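This is the structure we're talking about:
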């Protein structure tokens, strides 16, 4: 067990879902702007403490905002008249704020969460155990198969292959795909034989149970409560007299 | 192909999540604790396939290959794509958690359709090279164009006329992806069909 305490994954995932759903349901610009500014401030605060984290957040933000630039180009401008489309601009602004809020929330709340942690958290929140077990196993198999992929790519490079746009690249990529599937088939046959040889006939899904809700420390709950309070405050901002 | 979180409205998200839940329920019927490692292996293969990039000019496109997933996995494509997308959302912020249902539906429904339509053509090996190439090309076409169509419907139900320009732009940008997917899937199916014809046998006939 790690000596670094991380809040319970279920609460972190639940808090992320609360933010995502609230952002998707909110149409008021004032509420969305408030949520965005709070998320931005918290991100800056965390990034100032941990510089290694900045690249990760920057990459994620660049990716989502590249897509959002397409939304602005296609919805906020009427190209025929070269004029701003007010309703389109409002729609693009809402979408921009929503997408950025959710990206900040996912990055902040699920920071340093592994795939196995995610599967346990998701099962703890009601995801079928079979899916949780599949997700946990996927993380393990990705680690194993990525080694195979790296070996295959190294072998390709040793034969002077360099990816470029052309039929040869497509042909080599198809070979890589076929080889990966054949490797997976061969490995699954070995696994199946190994399990049968050990008379494995398990009827239980291999996933650990989570800590009881009541046993969780209050500090863990404080994250979910704080997120719900902030989101609630932002959503009710227009009703407090602040114009949207 | 992912729809970012916060783009779709709540009715669209709920409707697509409900459709995905039905698909996952059917897919999970084929999953047992014994077949779990095999299913996870295929999920890992398709997770890794998404990291293969083909350079085009100064940029690059990544392979989707959902048609090939459907050919190999059938209904299991739903749970396998769901967990792969969940992991991508966590690790790379591709898509997101509330849009997971929508993204799974747009990738998995065409995959399953391709599997249901085209797998019977591969059931009796050995298939000729020409047939394997044709099946691969058709699977990619159903996979990518189906995903594009579902994404367009989802965006239309969210923004209507406002998002028409975006839908056109996304569809245009996906055309080279479709062509690349078509060639790679056709070649991969042809190679797989000759090296391991059992790869396309129905999951009820295999362990999976």
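Chains as they are written, first to last, in our numbering: chain A, 656 to 899; chain B, -14 to 193. All residues carry an ideal CB built from backbone N, CA and C; glycine is no exception. Everything numeric in this text was worked out from a predicted model, so none of it was measured.
Proximity winner among A:722, A:776, A:715 and A:766, relative to residue 865 of chain A (alpha-carbon distances)
Here residue 865 of chain A refers to the residue found at position 210 when the first chain is read from its first residue. It is A:776.
Decide yes or no for the touch test of the stretch -10 to -2 of chain B against the stretch 695 to 704 of chain A: beta carbon pairs closer than 8 angstroms, at least 3 of them.
no
Note down the Cα distance separating residue 133 of chain B from residue 159 of chain B, rounded to an integer number of angstroms.
Counted from its first residue, the second chain places residue 133 of chain B at position 148. Counted from its first residue, the second chain places residue 159 of chain B at position 174. Looking at the two C-alpha atoms, the distance is approximately 8 angstroms.
Where does the unbroken beta strand (DSSP E) through residue 699 of chain A begin, and where does it stop?
Taking the first chain and counting its residues from 1, the one referred to as residue 699 of chain A is at position 44. Segment 684 to 704 is the alpha helix (DSSP H) holding residue 699 of chain A; no beta strand (DSSP E) there.
Given residue 105 of chain B as reference, the closest of B:59, B:29, B:167 and B:21 once Cα atoms are compared:
Here the question's residue 105 of chain B lines up with position 120 in the second chain. For the residues B:59, B:29, B:167 and B:21, the minimum Cα distance to residue 105 of chain B belongs to B:59.
Neighbour-count burial assignment, residue 145 of chain B, 16 or more Cβ in a 10 Å radius
Indexing the second chain from 1 puts residue 145 of chain B at position 160. Per the 10 Å Cβ criterion, exposed.
Name the residue from A:663, A:668 and A:677 whose alpha carbon lies nearest to the alpha carbon of residue 753 of chain A.
On the first chain, residue 753 of chain A is found 98 positions in, with the first residue counted as 1. Nearest of A:663, A:668 and A:677 to residue 753 of chain A, Cα basis: A:677.
Assigned exposure category for residue 22 of chain B - 16 Cβ within 10 Å defines buried
In the second chain, the residue the question calls residue 22 of chain B occupies position 37. The residue in question, residue 22 of chain B, is buried, as its Cβ has 16 or more Cβ neighbours within 10 Å.
Closest to residue 750 of chain A by CA distance: which of A:665, A:671, A:890 and A:687 is it?
Counting from 1 along the first chain, the entry for residue 750 of chain A is found at position 95. Selected option, being the one with the closest Cα: A:687.
Measuring alpha carbon to alpha carbon, tell me which of B:65, B:35, B:87 and B:-14 ends up nearest residue 4 of chain B.
Position 19 of the second chain, counting from 1, holds the residue named residue 4 of chain B. Closest by alpha carbon: B:87.
Contacts of residue 34 of chain B in chain A (Cβ-Cβ under 8 angstroms)
By 1-based counting over the second chain, the position of residue 34 of chain B is 49. Neighbours of residue 34 of chain B on chain A, chain order: 832 and 835.
For residue 878 of chain A, which of helix, strand or coil comes out of DSSP?
Residue 878 of chain A sits at position 223 when you count from the first residue of the first chain. In the structure shown, residue 878 of chain A sits in a helix (DSSP, three-state: H, G or I).
Quick test of the definition: if touching needs 3 or more C-beta pairs under 8 angstroms, does the stretch 107 to 126 of chain B touch the stretch 66 to 77 of chain B?
no
Is residue -13 of chain B helix, strand or coil by DSSP?
Reading the second chain from its first residue, position 2 is the one you call residue -13 of chain B. Three-state DSSP puts residue -13 of chain B in coil, outside helix and strand.
Relative to the alpha-carbon of residue 101 of chain B, which residue among B:128, B:85 and B:81 has its alpha-carbon at the smallest distance?
Residue numbering aside, residue 101 of chain B sits at position 116 when the second chain is read from its first letter. Among B:128, B:85 and B:81, the Cα nearest to that of residue 101 of chain B is on B:128.
Best match in A:674, A:668 and A:793 for proximity to residue 883 of chain A [C-alpha to C-alpha]
Residue numbering aside, residue 883 of chain A sits at position 228 when the first chain is read from its first letter. That would be A:674, whose Cα lies nearest to the Cα of residue 883 of chain A.
Please report the Cβ distance between residue 49 of chain B and residue 62 of chain B, rounded to the nearest whole angstrom; I am assuming they are in contact, meaning their Cβ atoms lie under 8 angstroms.
Within the second chain, residue 49 of chain B is the residue found at index 64, counting from 1. Within the second chain, residue 62 of chain B is the residue found at index 77, counting from 1. About 12 angstroms separates the beta carbons of residue 49 of chain B and residue 62 of chain B, which is beyond the 8 angstroms limit, so they are not a contact pair.
If you reduce the DSSP assignment to three classes, tell me which class residue 661 of chain A lands in.
Start at 1 with the first residue of the first chain, and residue 661 of chain A comes out as number 6. Reduced to three states, the DSSP call for residue 661 of chain A is coil.
Below 8 angstroms, can you find three or more Cβ-Cβ pairs linking the stretch 703 to 715 of chain A to the stretch 781 to 797 of chain A?
Contact between the stretch 703 to 715 of chain A and the stretch 781 to 797 of chain A is absent, because fewer than three Cβ pairs lie under 8 angstroms.
Less than 8 angstroms between the CB atoms is what I'm expecting for residue 235 of chain B and residue 672 of chain A, so what's the real figure, rounded?
With chain B running from -14 to 193 in the structure shown, residue 235 of chain B is simply not present.
Find the nearest neighbour of residue 763 of chain A within the set A:879, A:737, A:778 and A:806, judged by alpha-carbon distance.
Here residue 763 of chain A is taken as the residue at index 108 of the first chain, counted from 1. Closest by alpha carbon: A:879.
Sort A:784, A:829, A:735 and A:887 by Cα distance to residue 14 of chain B and report the nearest one.
Within the second chain, numbered from 1, the residue matching residue 14 of chain B stands at position 29. For the residues A:784, A:829, A:735 and A:887, the minimum Cα distance to residue 14 of chain B belongs to A:784.
From A:851, A:849, A:891 and A:844, residue whose alpha carbon lies closest to that of residue 181 of chain B
The sequence position of residue 181 of chain B within the second chain is 196, counting from 1. Nearest option by C-alpha distance: A:844.
Relative to the alpha-carbon of residue 99 of chain B, which residue among B:123, B:2, B:141 and B:11 has its alpha-carbon at the smallest distance?
On the second chain, position 114 is the one that residue 99 of chain B refers to. Here the closest residue by C-alpha is B:123.
Between residue 743 of chain A and chain B, is there a C-beta pair that is closer than 8 angstroms?
The count along the first chain starts at 1 and reaches residue 743 of chain A at position 88. Yes, contact with chain B.
Keeping to the same chain, check which residues put their C-beta closer than 7 angstroms to that of residue -13 of chain B; ignore five residues upstream and five downstream.
On the second chain, residue -13 of chain B is found 2 positions in, with the first residue counted as 1. If we look at residue -13 of chain B and ignore the five residues flanking it on each side, its Cβ neighbours are 79, 80 and 88.
Would you call residue 736 of chain A buried or exposed, if buried means 16 or more other Cβ atoms sit within 10 Å of its Cβ?
The residue given as residue 736 of chain A occupies position 81 in the first chain. When all chains shown are included, residue 736 of chain A counts as exposed.
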